[in-house]
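For reference, the structure discussed in these notes is given below.
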Amino acid sequence: MSKNYSRNLSGNARAVIFSNLAKASEKQMDSPKAVEFSRLSEESWCKSTSDDGLEVLMKRMEESLAGDYPGIQKDAEALGDRGVQRALKWGQKVTMLQKTLIGRFLSGGESIMDNKDLYICEACGFIFLGAEVPAQCPVCKAPETRFSKIK
Numbered sequence: 014m015s016k017n018y019s020r021n022l023s024g025n026a027r028a029v030i031f032s033n034l035a036k037a038s039e040k041q042m043d044s045p046k047a048v049e050f051s052r053l054s055e056e057s058w059c060k061s062t063s064d065d066g067l068e069v070l071m072k073r074m075e076e077s078l079a080g081d082y083p084g085i086q087k088d089a090e091a092l093g094d095r096g097v098q099r100a101l102k103w104g105q106k107v108t109m110l111q112k113t114l115i116g117r118f119l120s121g122g123e124s125i126m127d128n129k130d131l132y133i134c135e136a137c138g139f140i141f142l143g144a145e146v147p148a149q150c151p152v153c154k155a156p157e158t159r160f161s162k163i164k
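Basically my numbering = 1-based index in the sequence shown + 13.
This is the structure in structure tokens:
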């Protein structure tokens with residue numbers, strides 16, 4: 014990872030990057046790297062969240078949206094790294110949608126789950142709450158077959 018991408022990143026941002034690298038390693042059938050990146054992602058996430066609760070998670074998401082994403086995006090643009098720019102755009106969209114979902118949960122409690130299931134896009138991490146899996150991911154355009162039911 015370039016020093017430009019990793020400077021001053023929160024544990025949250027490092028967790029996202031390592032998670033994406035783990036997914037890429039899985040797709041390349043490189044299990045040892047996938048396991049190590051997953052471990053690094055979990056370690057970064059645990060250090061950044063501990064037992065702080067959803068309110069703190071919301072605050073950290075807001076900080077990532079305001080600081081981490083724009084900073085890394087600027088570095089990627091300066092280096093002309095279109096792959097990182099695209100991944101960041103997806104990550105930013107997913108983070109905004111997850112923040113909205115957590116906000117709905119905080120205001121409505123578990124009742125927001127009534128007659129609904131939780132689905133996650135295995136391609137980009139988008140989380141969908143609804144009665145049926147969406148036909149296509151609104152973030153990365155993956156087909157419904159790429160969604161896994163969580164609930």
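Where is the CB? At the ideal position from N, CA and C, for every residue including glycine.
Query, Result
"Could you name the residues of the same chain whose beta carbon sits closer than 6 Å to that of Gly-143, not counting the 5 residues immediately before and after it, in chain order?", "Lys-129"
"Applying the 10 Å Cβ sphere with the 16-neighbour rule, what's the burial state of Met-42?", "exposed"
"Measuring straight from C-alpha to C-alpha, what distance separates Glu-56 and Ser-161?", "24 Å"
"Within the continuous alpha helix (DSSP H) that includes Phe-139, where are the two ends?", "Phe-139 -> no alpha helix (DSSP H), and no H or E assigned at all."
"Within the same chain, show all residues whose beta-carbon is closer than 6 Å to that of Cys-134, passing over the 5 residues directly before and after it, in chain order.", "Cys-150, Ala-155, Arg-159 and Phe-160"
"My guess is that Met-109 and Leu-78 are in contact by the Cβ rule of under 8 Å, so how many angstroms apart are they, rounded?", "7 Å"
"Looking at the secondary structure, which residues open and close the alpha helix (DSSP H) in which Lys-87 lies?", "82-92"
"Determine the DSSP secondary structure at Asp-64, reduced to helix, strand or coil.", "Bear in mind that a pLDDT of 43 at Asp-64, under 50, signals an unreliable position, so the model cannot answer this."
"Which residue marks the beginning of the beta strand (DSSP E) containing Ser-120, and which one marks its end?", "From DSSP, Ser-120 is part of no beta strand (DSSP E) but of the alpha helix (DSSP H) over 95-121."
"What did DSSP end up calling Lys-129 once you bin it into helix, strand or coil?", "coil"
"Among residues of its own chain, excluding the 5 on either side of Ser-32, which ones have a beta-carbon nearer than 7 Å to its beta-carbon?", "Ser-54"
"Would you mind working out which of Asp-81, Ile-115, Leu-119 and Ile-125 sits nearest Gly-104, comparing C-alpha positions?", "Asp-81"
"Pull up the DSSP beta-bridge partners for Lys-162, would you.", "Tyr-132"
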